[in-house]
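First residue of the sequence shown? That's 667 in our numbering, and the numbers climb one at a time after it. Built from N, CA and C at the ideal position, the CB exists for glycine as well. This structure is a prediction, so every number in the text was calculated from the model and none was measured.
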Amino acid sequence: MRNWSVRFLFITFIAASLIARSTGESPARSLTETENSYAELMDASNILAAIDSGLFVSYRGKGRAAWKQIQEKKYKEVAAGLTTVSAKELSATDARAVMLMHKGVESTSAERAPLKHKMHCKDAQDSNLNGADLRSALYSCFDELGNNLEFEGKHVSRVSAFDLLTQINEPLRRRALFMSFVPLWKAVNGNDEPESPYRRMIAQSAAGAAKNGSPVDEAAKTLGVQPTQIEAWLLEILDAWREASGNHQIEPWDYRYFEGKAERLLSAAIPRESLLPITQRYYKDLGADLQQLGILYDLNPRPGKAPLAYTDFVTRGHMVHEVWQPTVVYISGNYARGGLGLLNEFVHENGHGVHMMALHTRPAFMDLGDAVFYEAFADVPSWDTYEPSWQQKHLGMSAPESDSLRALYSSVTLDVAWALFEIRMLHNPAADPNEVWTEITSHYLHIVPHPELAWWAVRVQLVDAPGYMVNYGIGGMITASIRHRIQESLGPFVTGNLRWYPWISEHLLRQGMEHETSIELKEFLGGPVSPEGLIKDIQRIGSDVISRSTN
Ligand SMILES: [Zn+2]
């Protein structure tokens, strides 16, 4: 999902609500009209973002300028419409719709006031740069430097480098590739001095979070727990990995390689051009025909393209004269290679795609819900790529179970480590990020300390939406819980189950944001979320020290 910055922005900078005042007009009628305008406002905003992404230059015969005009017009209509709605006269559901439309309007107003200049990576060195501008400059570093790592006389992207780190057999070459990130790390964190761009940015973000809440608080709210509970869960999960994964110390450039046996074994079975057909076949087995759903794809690398994979709406489904006009969704990525890790990511993005397509509700509720929930949901299908029976069916060969599970849970655990890192940095922004990261990774991941390197700085979200990694870190336990619940109700789905998509649409996805995600999730799971399922899964890999120390 792509909209994290916007979603984060409106949590942090949400302005005072528009003043509600009552008029003589019937509330139901004016609300319906306002909500229809709201649907058109959201569509115009999504279409503009899709045009800016390079997906197309015009849509339904209209170019950027025309859509911009529509966006402005609809914004005014919705803003005016919302001021005539009186909260007192509304049902609870209508009141929630109005609250969500206020938020949606705020998010588009953040988009509609674009940054004055497009920030470049070098701008991050300017110590006067603040807030969104500083984050934007750091984000640019991931495009300018992260997508142009120099390795053996060639340029490789950050995502391809992760994949190569699992593939390259020679330790010295792995080290050289790892060190090709140094220009990015220096741009983000200088020489780790207190005034480094990242350290200035995280201090500002922590101050903002203390006042307005952070993604950590949001995630806690979704799960119906205190924010401190999140940290306790992350530590439990990390501890399970620490015990299950053996105690052989490894260098950071070897981590992906040692956990990547399944990757290496299967990479020849997953060439770049197979990513889409494999994914289509798998979802078809789950009752979701991606071709019929009409998902659009923009998957080849291109200069200036967003440096990460994401999924977003082009337009959201809505009723016109009693007929449902379906949602249109697109997936953007930079896929230069195939491989198991990238296949997993691509199945995850399509998980967002089918989630969006399953929404079937009124315009105010046509969205995915809380980030921690929709990120976890997208992993529900994607984790199957690490199951030997899935691999056998879709790739024609499989890796041993313990190798597959290590590949999956080593990356789940790395996300948990980043989540803990962000919680600690937001809590104590004066801390040295290299030290914080070294402490976490040496203790729980058995990685040799390298406090001289900012090797944590390889995820775009760390600089673009501080705290967002919590959604991935805590997501693993939600994913495990949802998978368990589906298996209880439908039986296994790893090698296909045509009831999967209709059932999950009906029971979890269709109603969008009609209810709080926390309530929805608790109802679906039949109880509160807990890390137990994930911890049991991690323990399945066993303490196989030998598998880690051999090639
Ligand atoms: Zn995602």
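- Runs of the alpha helix (DSSP H) lying entirely within the stretch 938-1018 and spanning at least 4 residues, in chain order: 941-951 and 956-959.
- In this structure, DSSP gives Ile1113 an extended state, which the three-state scheme calls strand.
- Under the three-state reduction of DSSP, Val1136 is assigned to helix.
- The continuous stretches of beta strand (DSSP E) do not include Val1124, and DSSP gives it neither H nor E.
- Under the 10 Å beta carbon count, Gln1057 is surrounded by 16 or more other beta carbons and is classified as buried.
- Within the stretch 782-851, the runs of beta strand (DSSP E) at least 3 residues long that lie entirely inside it are, in chain order, 815-817 and 820-822.
- Around Gln991, the same chain offers Gly983 and His984 as residues with beta carbons nearer than 7 Å, after the five sequence neighbours per side are excluded.
- Distances from the CB of Ala732 to the heavy atoms of ligand 1 are all 8 Å or more.
- A Cβ-Cβ distance of about 4 Å is found for the pair Met1179 and Phe1031, placing them in contact under the 8 Å criterion.
- Cα atoms of Val854 and Glu861: separation of roughly 11 Å, rounded to the nearest angstrom.
- Ranked by how close their Cα comes to the Cα of Ser998, the residues Ser711, Ala715, Glu706 and Leu707 have Ala715 in first place.
- DSSP places Ile936 in the coil class of the three-state scheme, outside both helix and strand.
- DSSP, read as helix, strand or coil, puts Ile896 in helix.
- Counting only residues of its own chain and dropping the five nearest sequence neighbours on each side, Pro967 has a CB closer than 6 Å to the CB of Asn1000 and Ala1002.
- Selection Ala1123, Leu1074 and Glu1186 evaluated against Asn857 yields Ala1123 as nearest (Cα-Cα).
- Pro918 is classed as buried because its beta carbon has at least 16 other beta carbons within 10 Å across all chains shown.
- Going by beta carbons, Ala1037 and Pro881 fall inside the 9 Å limit.
- Annotated three-state conformation of Ile1207 is coil, per DSSP.
- Inter-residue distance for Ala842 and Ala827 is about 11 Å (C-alpha atoms, whole angstroms).
- Cα atoms of Gly874 and Ile1089: separation of roughly 14 Å, rounded to the nearest angstrom.
- Looking at the backbone, the Cα of Asp1045 and that of Tyr1052 are separated by about 11 Å.
- At least one heavy atom of ligand 1 falls within 8 Å of the beta-carbon of Tyr976.
- Taking the Cα of Lys927 as reference, the smallest distance to any Cα among Ser1068, Glu810 and Trp1166 is reached at Ser1068.
- CA-CA distance, Arg1072 to Glu929, rounds to 10 Å.
- In this structure, ligand 1 has a non-hydrogen atom nearer than 8 Å to the beta-carbon of Tyr1040.
- Per the coordinates, the alpha-carbon of Ile944 lies some 27 Å from the alpha-carbon of Val1126.
- Contact annotation: Asn712 and Asp1130 have beta-carbon atoms that are not nearer than 9 Å.
- Closest in C-alpha terms to Thr1161, from the list Leu1111, Gly1142 and Gly953, comes Gly953.
- At a Cβ-Cβ threshold of 9 Å, Ala910 and Ile1113 do not count as neighbours.
- Between Ser1048 and Val1013 the beta-carbon gap is near 4 Å, inside 8 Å, which marks them as a contact.
- When distances are taken from the beta-carbon of His1018 to the heavy atoms of ligand 1, the shortest one is below 8 Å.
- Here the stretch 878-893 makes contact with the stretch 1183-1192; the two share three or more CB pairs at distances below 8 Å.
- Rounded to the nearest whole angstrom, the CA to CA distance from Ala885 to Tyr805 is 23 Å.
- Pairing Tyr1138 with Asp1081 gives a Cβ-Cβ distance under 9 Å.
- Between the stretch 829-839 and the stretch 1089-1101, the count of C-beta pairs closer than 8 Å stays below three; the two stretches do not touch.
- In this structure, Ala1131 has its beta carbon at no less than 8 Å from each heavy atom of ligand 1.
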